[in-house]
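Chemist:
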Amino acid sequence: ERLSDERLGELRAELLERAEKALSSTPVRVRMRHEARYRGQSFELTVEEQLDSADPARGLGAAELRSAFAEVHEARYGYRDTEGEVELVNVRLSVWGAAPQLAAPAPPGEPPGSETRTVVFAGEPLQTKVIRGAPLPGAQLAGPALVAQADSTLLVPPGWSGEADAHGTLRLRRGSSS
Numbered sequence: 083e084r085l086s087d088e089r090l091g092e093l094r095a096e097l098l099e100r101a102e103k104a105l106s107s108t109p110v111r112v113r114m115r116h117e118a119r120y121r122g123q124s125f126e127l128t129v130e131e132q133l134d135s136a137d138p139a140r141g142l143g144a145a146e147l148r149s150a151f152a153e154v155h156e157a158r159y160g161y162r163d164t165e166g167e168v169e170l171v172n173v174r175l176s177v178w179g180a181a182p183q184l185a186a187p188a189p190p191g192e193p194p195g196s197e198t199r200t201v202v203f204a205g206e207p208l209q210t211k212v213i214r215g216a217p218l219p220g221a222q223l224a225g226p227a228l229v230a231q232a233d234s235t236l237l238v239p240p241g242w243s244g245e246a247d248a249h250g251t252l253r254l255r256r257g258s259s260s
């Protein structure tokens, strides 16, 4: 099949339609990669183009693609074949959608369970609050305390305090919470 503006437009439209369905929206960035070769060659070279996201259906025409391929070929191999027919082997379309808005996860309905245990600090046994699970955002901690989660354990020594931020990160500081 001979390379034509019409065929390139059909390929571009088909790939854009599939991409928009996959994104569930209009892409914000579109890149098209044409893998082409001179007829009879066994290797391809890539001609890349950035499409205008406002009008991604408009891209290189057949003559422009042939010219761009000849430039890439000459840069790579030192010559261009002005009479040679260019075969389009593959066309790849990459699209980028708008970044989603991220929100902090909703806090669980119940605060984590807690109990008290004796823990030794600097040779002195102290009653220490043990919190099981992640503290709710905004929760205040005062040492001595132990926060026991499934993936980690955090020790809050006497004289330290902390607060859980909106993302669940515990921020500790030396000094009381009052």
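Position one of the sequence shown corresponds to residue 83 (the numbering used here), numbered consecutively onward. Cβ atoms here follow ideal geometry from the backbone N, Cα and C, with glycine treated the same way.
So, at 8 Å on beta carbons, what are the nonlocal neighbours of L105 in its own chain, with the 5 sequence-adjacent residues on each side left out?
Modeler: So the list reads V177, G179, once near-sequence residues are dropped.
Chemist: Would you tell me roughly how many angstroms separate the C-alpha atoms of E96 and E102, rounded to the nearest one?
Modeler: E96 and E102: Cα-Cα distance of roughly 10 Å.
Chemist: Between G205 and L184, what straight-line distance do the alpha-carbon atoms span, to the nearest angstrom?
Modeler: Rounded to whole angstroms, G205 to L184 spans 46 Å at the Cα level.
Chemist: Could you tell me the boundaries of the beta strand (DSSP E) in which S149 lies?
Modeler: Per DSSP, S149 belongs to no beta strand (DSSP E); it is in the alpha helix (DSSP H), 144 to 159.
Chemist: Give the secondary structure of L218 by DSSP, where H, G and I count as helix, E and B as strand, and everything else as coil.
Modeler: Coil, per DSSP.
Chemist: Beta carbon of S196, beta carbon of L223: below 8 Å?
Modeler: No, they are not a contact pair.
Chemist: Could you give the first and the last residue of the continuous beta strand (DSSP E) run that contains G244?
Modeler: It spans 242 to 246 - the beta strand (DSSP E) in which G244 sits, taken as one unbroken run.
Chemist: Span of the beta strand (DSSP E) holding L175?
Modeler: Note, L175: beta strand (DSSP E), 168 to 178.
Chemist: Report back the beta-carbon spacing between H249 and L170 to the nearest angstrom; my notes put them in contact at under 8 Å.
Modeler: That belief does not hold up - the Cβ atoms of H249 and L170 are roughly 48 Å apart, past 8 Å.
Chemist: So what does V112 bridge to, in DSSP terms?
Modeler: L133, V177, per the DSSP bridge assignment.
Chemist: Below 8 Å, how does it come out for the stretch 198 to 212 and the stretch 143 to 159: are there three or more Cβ pairs, yes or no?
Modeler: Too few Cβ pairs lie closer than 8 Å, so no.
Chemist: State the start and end residues of the unbroken beta strand (DSSP E) segment that holds R255.
Modeler: 252 to 256 is the span of the beta strand (DSSP E), which, as asked, contains R255.
Chemist: Where does L97 fall in DSSP's three states?
Modeler: DSSP places L97 in helix when its eight states are reduced to three.
Chemist: Could you give the DSSP three-state label for S86: helix, strand or coil?
Modeler: Coil.
Chemist: Using the three-state DSSP reduction, which class does E126 fall into: helix, strand or coil?
Modeler: It is coil, neither helix nor strand.
Chemist: Does DSSP classify A224 as helix, strand or coil?
Modeler: Here A224 sits in strand by DSSP.
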